[in-house]
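Everything on this sheet refers to the single structure shown next.
Below, the structure is given as structure tokens:
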């Protein structure tokens, strides 16, 4: 039975999609069967694996509105042990199309249930907002992983996100838990990064992963080449960090 992890933060630019792409790729590299579901209308997880999102016939949008099943839009063969459910800008209209539909918070959960045992991990890249797409991801997920950028406003919005997770747990998915917080864009040259890490650790009663993702040129370049970091530059600091994070996620709770 696969573990389902939603990667969420309503703040943009915190390394959410970078974490979704590279955590999925590094788990696949460890021999885990991984499915990445792109629930972000920007489709960056899709293009980050070299898929042209503008030419797709079936995406997660068609799944949401009932026009196809997950296996009909699943893309295989990008790398070993890895499958992708793509997304594109069509998904931006899903919220309006779902008005009045019964059990609209559970559409993805019901679809994923049919294929869940085929995977060790299902990673869901959420949009950078707390909308119906994010709620669908959270009702489907077992846990939520929150990337936090090492910057002054890191904690802003985090309490709102934790409140949303709490609401979803109370009303829609009683099994939902916090997977943990992972720090991204860490700059060892600044005292600020260090202070942010200490502040968040003090004020959060959450699991904080030991692995901290550094600011890294190669990590920034990889998406434009349509490759995860472990395939783009296997020996870079970014690749090493995401491999360590994948190991931590894999062995969590042991």
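In the working numbering, the protein residues as written are -14 to 239. Think of the CB as a built atom: it goes at the ideal place given N, C-alpha and C, for glycine as much as any other residue. In this text, all values refer to a predicted model and were calculated from it rather than measured experimentally.
Note down, in chain order, each residue of its chain lying with its Cβ closer than 6 Å to the Cβ of residue 203, except the 5 sequence neighbours on either side.
Start at 1 with the first residue of the chain shown, and residue 203 comes out as number 218. Closer than 6 Å at the Cβ level, and outside the excluded window around residue 203, lie 218, 221, 223.
Determine the DSSP secondary structure at residue 136, reduced to helix, strand or coil.
Your numbering for residue 136 matches position 151 in the chain shown. In this structure, residue 136 counts as coil in the three-state DSSP scheme.
Between 38, 88, 54, which has its C-alpha nearest residue 71's C-alpha?
In the chain shown, the residue the question calls residue 71 occupies position 86. Of 38, 88, 54, the residue nearest in Cα terms is 38.
Which residues bound the alpha helix (DSSP H) around residue 182?
Along the chain shown, read from residue 1 onward, the residue named residue 182 stands at position 197. Counting along the chain, the alpha helix (DSSP H) containing residue 182 begins and ends at 176 to 188.
Give the range of the alpha helix (DSSP H) segment to which residue 80 is assigned.
For the purposes of this step, residue 80 is identified with residue 95 of the chain shown, where counting begins at 1. Here the alpha helix (DSSP H) through residue 80 covers 79 to 82.
When we look at the beta-carbon of residue 98 and count the other beta-carbons within 10 Å, is it buried (16 or more) or exposed?
The residue labelled residue 98 in the question sits at position 113 within the chain shown. By the neighbour-count rule (16 or more Cβ atoms within 10 Å), residue 98 is not buried but exposed.
According to DSSP, is residue 12 part of a helix, a strand, or is it coil?
Numbered from its first residue, the chain shown carries residue 12 at position 27. DSSP places residue 12 in helix when its eight states are reduced to three.
Please say whether residue 207 and residue 198 have beta carbons closer to each other than 8 Å?
As a first step, residue 198 is located in the chain shown; it is residue number 213 there, counting from the start. As a first step, residue 207 is located in the chain shown; it is residue number 222 there, counting from the start. No, they are not a contact pair.
Once you ignore the five residues that flank residue 23 on each side, which residues in its own chain have a CB closer than 6 Å to its CB?
Counting from one through the chain shown, the residue named residue 23 turns up at place 38. Cβ neighbours of residue 23 beyond the five flanking positions: 30, 31, 71, 72, 110.
Consult DSSP for residue 162 and reduce its assignment to one of helix, strand or coil.
Here residue 162 corresponds to residue number 177 of the chain shown, with the count starting at 1. The answer is strand: DSSP assigns residue 162 an E or B state.
In this structure, does DSSP put residue 150 in helix, strand or coil?
As a first step, residue 150 must be located in the chain shown, where it is residue number 165. Three-state DSSP puts residue 150 in a helix.
Secondary structure at residue -6, three-state DSSP: helix, strand or coil?
Counting from 1 along the chain shown, the entry for residue -6 is found at position 9. Of the three classes helix, strand and coil, the one that applies to residue -6 here is coil, per DSSP.
For the alpha helix (DSSP H) holding residue 42, just list the boundary residues, first then last.
Indexing the chain shown from 1 puts residue 42 at position 57. Element bounds for residue 42: n/a, residue is neither H nor E.
Give the DSSP bridge partners of residue 199, in chain order.
Mapped onto the chain shown, residue 199 falls at position 214. Note: residue 199 sits in a beta bridge opposite 171.
If you reduce the DSSP assignment to three classes, tell me which class residue 68 lands in.
Your numbering for residue 68 matches position 83 in the chain shown. Of the three classes helix, strand and coil, the one that applies to residue 68 here is strand, per DSSP.
What three-state label does DSSP hand residue 110 in the structure shown?
Against the chain shown, residue 110 aligns to sequence position 125. Note: residue 110 maps to strand in three-state DSSP.
When the Cα atoms are used, what is the spatial distance from residue 51 to residue 121?
The residue given as residue 51 occupies position 66 in the chain shown. The residue given as residue 121 occupies position 136 in the chain shown. If I take the Cα positions, the gap works out to 14 Å.
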